[in-house]
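To keep things clear, I will list the structure first and then write my remarks on it.
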Amino acid sequence: MDTAYSTWQPPLIWRAALLLTRALVAPLARLQVTGDVPAYLRRGPLVLVANHISPFDPLVMAAACQTRGIAPRIMATAGLFRAPVLGAAMRRAGHIRVDRGTSAVRQALDTAASAVAAGSVILIYPEGRIGLDPGMWPERGKTGAARLALACNAPVIPVAQWGAHEVLPYRAPRGMLGGVARALWRRPVIRVHFGDPVDLGETTSASPGAARRATDRIIDALTDTLAPLRPDEPDRPRHVDPGRPSDPSRAHRRSAG
């Protein structure tokens, strides 16, 4: 649909939190951000799609976005919104609650579509969970990000990141103190790269299979953007989290053509 966009203004609490995330990440890791977002897209409308490898990802992505002058509204699991202080802060910052596995997921997409129509940048993890692929490559995605982009005629930019799994373990808060202590000592490198806009190959989600095909293109683009960040770890990561389960059932198969 064609929409007249007006610029959404990120609340002060979110702008301050973005600065804080850089201060929180710095002692734990060496953040290296490459690539960029065109200036005319930084205030939206825009859909950012990121791979998900660790509970530390949201802090990393927020810090990386702050370096590029972007204040995205994040589609986040409902559990974060139920936390007494964090939940209230996330609501005030304009983030979008996603009740996974319920009929309310549709409501989250409608809210996100309205946000894009208001000129927002939306950050979404298209895998729908922390990926459990044995090689830690992007899994087969959910169709929400593609449906959102197609419904709003908004551009999609992949943001790949690598290294956050060395800071916080999969089962955090279990094992979090040990992970943080190791990170403070080692300060692993975390690489984030803003890639090129994705050609979704579709103009509308109305045609049968359009959202699925566009989703596969998004995951293809995320995989291609991630590969240069881990050239010496092409098959398996060097850092192995013993508490991380392995689930190859959602392994992504590159779409033909």
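First residue of the sequence shown? That's 3 in our numbering, and the numbers climb one at a time after it. Backbone N, C-alpha and C define an ideal beta-carbon position, used for all residues, glycine too.
- Remark: C-beta atoms of residue 110 and residue 124 do not approach each other more closely than 8 angstroms.
- Here residue 197 is not near residue 96, since their CB atoms are 8 angstroms or more apart.
- Counting the other CB atoms within 10 Å of its CB gives residue 206 a total below 16, which places it among the exposed residues.
- Apart from sequence neighbours up to five positions away, the residues of its chain that approach residue 189 with a beta-carbon distance below 8 angstroms are 29, 30, 31, 32, ordered along the chain.
- Between residue 143 and residue 221, the C-beta gap is smaller than 8 angstroms, which places the two residues in contact.
- Scanning the segment 97-154 for uninterrupted alpha helix (DSSP H) segments of 4 residues or longer gives 107-119, 146-154, listed from N- to C-terminal end.
- Secondary structure note for residue 79: its beta strand (DSSP E) is the uninterrupted segment 75-79.
- Where residue 36 is concerned, the enclosing beta strand (DSSP E) starts and stops at 32-37.
- In this structure, DSSP gives residue 162 an extended state, which the three-state scheme calls strand.
- Annotation: residue 227 to residue 254 spans about 15 angstroms, alpha carbon to alpha carbon.
- Excluding its 5 nearest sequence neighbours in each direction, residue 93 has C-beta neighbours in its own chain below 7 angstroms: 83, listed in chain order.
- Residue 223 is not a Cβ neighbour of residue 171, given a cutoff of 8 angstroms.
- One alpha carbon belongs to residue 176, the other to residue 126, and they sit about 25 angstroms apart.
- Nearest Cα to residue 245 within the set 49, 12, 134: 134.
- Under the DSSP assignment, residue 186 falls in the alpha helix (DSSP H) whose first and last residues are 178-188.
- Pairwise C-beta distances place the segment 85-92 out of contact with the segment 148-160, as fewer than three of them are shorter than 8 angstroms.
- The C-beta of residue 241 has fewer than 16 other C-beta atoms within 10 Å across all chains shown, which makes the residue exposed.
- In the DSSP assignment, residue 50 falls within the unbroken beta strand (DSSP E) covering 48-52.
- Inter-residue distance for residue 122 and residue 43 is about 10 angstroms (C-alpha atoms, whole angstroms).
- Beta-bridge analysis with DSSP links residue 167 to no other residue.
- C-alpha of residue 63 to C-alpha of residue 202: approximately 23 angstroms in a straight line.
- Residue range 191-196 is occupied by the beta strand (DSSP E) that includes residue 193.
- Within the same chain, Cβ atoms closer than 7 angstroms to the Cβ of residue 237 are found at 137, the five residues on either side in sequence being excluded.
- Using a Cβ distance threshold of 8 angstroms, residue 185 and residue 168 count as a contacting pair.
- In the structure shown, the three-state DSSP call for residue 253 is strand.
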